[in-house]
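Novice: So in this note's numbering, spot 166 of the sequence shown is number 154, and the numbers just go up one at a time.
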Amino acid sequence: MIGDIDDSKAPLLDHLIELRGRLLKCVYALVATGAICFYFSEQLFAILVHPLKEAFGDGGGKLVYTKLYEAFFVQVKIAFFGAFCLSFPIIANQLWAFVAPGLYAKEKKALLPFILATPFLFAMGASLAYFVVMPTAFHFFLEFQGNSSGLSVEALPSADAYLGLVMQFILAFGISFLMPVLLMLLNRAGFVTRAQLIGLRRYMIVAAFILAAVLTPPDVVSQLMLAIPLLLLYEITIVAIWFTDRRAAKVEAAEEASA
């Protein structure tokens, strides 16, 4: 088993120096992608504002800013948000490169699929938020425009508030879609079994709706659109654990037979 570990057994100082170098690479990636995103911030904002534009329809609609510096800081926030999304694969790769030498070959083989699945699942959640949830929610919000007691009611969202709402949607759905990775890692580590997940199903239903209420705006439509996919992902994870447990049992039986 000792030979299964990478040969690098560097002293603590060498590990700290390596960690410093990898953190610097992450910072460089964030700065570089942030500069690129800031340069294209207007185009990125046009992409983010598209669901609201479609919700307003042919009647137009507009975004306002109530502070003189608000428009500039909206561009800065877009740059940070874009930098996080673009540099995430680089950051994950640097984290893996730092941790991998201390793992056994079997542990590397077990963890690598989860590392690769993380950006894919995050992108799935973010795509669901952008293409389905946000247009539906914005149409729902804009239905309250009209006349009330003889007064005209018009939606005039600020650019900063809208950007915050969009980021909230994308991050909430993207991070929530990482639940299968977390549950399967806990299963691989022996902290939770498939039988325990099945037994916790009723509590998961409550937890999904509580999480949706916390992470999304306070409207039923957005909450249902997050809670229902979470419950589906929970069931898919249970099925996936059944397959992995079955495969592991076959491998263990084959090893015992060969021994």
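The beta-carbon is built from N, C-alpha and C at its ideal position, and this holds for glycine as well.
1) Out of I158, Q156, R234 and L185, point me to the one whose CA is closest to L170's CA.
2) Do the region 141 to 150 and the region 120 to 133 touch if we need at least three Cβ pairs shorter than 8 Å?
3) Write down every uninterrupted run of the beta strand (DSSP E) in the region 86 to 171 whose length is 3 residues or greater and which is fully enclosed by it, in chain order.
4) Across the region 24 to 39 and the region 84 to 92, are there enough close Cβ pairs to call them in contact, namely three or more that are closer than 8 Å?
5) Return yes when the Cβ of P123 is within less than 8 Å of the Cβ of A43, no when it is not.
6) Should S246 be labelled buried (16 or more other beta-carbon atoms within 10 Å of its own) or exposed?
7) Expressed to the nearest angstrom, what Euclidean distance is found between the alpha-carbon atoms of V19 and F72?
8) In three-state terms, what does DSSP make of G(-9)?
9) From Q211, H3, A114 and G70, pick the residue whose C-alpha is nearest to that of I24; which is it?
10) Count the other CB atoms within 10 Å of the CB of G(-9); is the residue buried (16 or more) or exposed (fewer)?
11) Looking only at its own chain, which residues have a Cβ that is under 8 Å from the Cβ of L32, when we skip the five neighbours before and after it?
12) Using CA coordinates, which residue listed in P217, F161, A196 and I226 is at the minimum distance from L251?
13) Which residue's Cα is closest to the Cα of F119: Q211, I103, L0 and F157?
14) Note down the Cα distance separating L218 from A200, rounded to an integer number of angstroms.
15) Taking the alpha carbon of P107 as the point to measure from, which residue in L159, L12, P(-1) and A236 has its own alpha carbon closest?
Specialist: So, to answer that:
1) On the sequence shown, position 182 is the one that residue 170 refers to. Nearest of I158, Q156, R234 and L185 to L170, Cα basis: L185.
2) yes
3) 134 to 136 and 139 to 141
4) no
5) The residue you call residue 43 lines up with position 55 of the sequence shown. The residue you call residue 123 lines up with position 135 of the sequence shown. Yes, these two residues count as a Cβ contact at 8 Å.
6) Sequence index remark: in the sequence shown, residue 246 carries index 258 (1-based). The residue is exposed, with fewer than 16 neighbouring Cβ atoms inside 10 Å.
7) Translated into positions along the sequence shown, residue 19 becomes position 31. Translated into positions along the sequence shown, residue 72 becomes position 84. V19 and F72: Cα-Cα distance of roughly 10 Å.
8) Reading the sequence shown from its first residue, position 3 is the one you call residue -9. A caution first: G(-9) carries a pLDDT of 48, below 50, which makes its placement in the model unreliable, though a value can still be read off. Look at G(-9) here: in three-state DSSP terms it is helix.
9) As a first step, residue 24 is located in the sequence shown; it is residue number 36 there, counting from the start. The candidate whose alpha carbon is nearest that of I24 is G70.
10) Here residue -9 refers to the residue found at position 3 of the sequence shown. With a pLDDT of only 48 at G(-9), under the threshold of 50, the placement of this residue in the model should not be trusted; the figure read from the coordinates follows. Using a 10 angstroms sphere on the CB of G(-9), the tally of other CB atoms stays under 16, which defines it as exposed.
11) Taking the first residue of the sequence shown as position 1, residue 32 is located at position 44. Within the same chain, L32 has close Cβ partners C25, I66 and G70.
12) One cannot answer for residue 251 here, as it falls past the ends of the chain, which runs -11 to 247.
13) Your numbering for residue 119 matches position 131 in the sequence shown. The option with the nearest alpha carbon to F119 is F157.
14) Position 230 of the sequence shown, counted from the first residue, corresponds to residue 218. Position 212 of the sequence shown, counted from the first residue, corresponds to residue 200. A200 has its alpha-carbon roughly 9 Å from the corresponding atom of L218.
15) Looking up residue 107 in the sequence shown gives position 119. Residue L159 is the option with its Cα nearest to P107.
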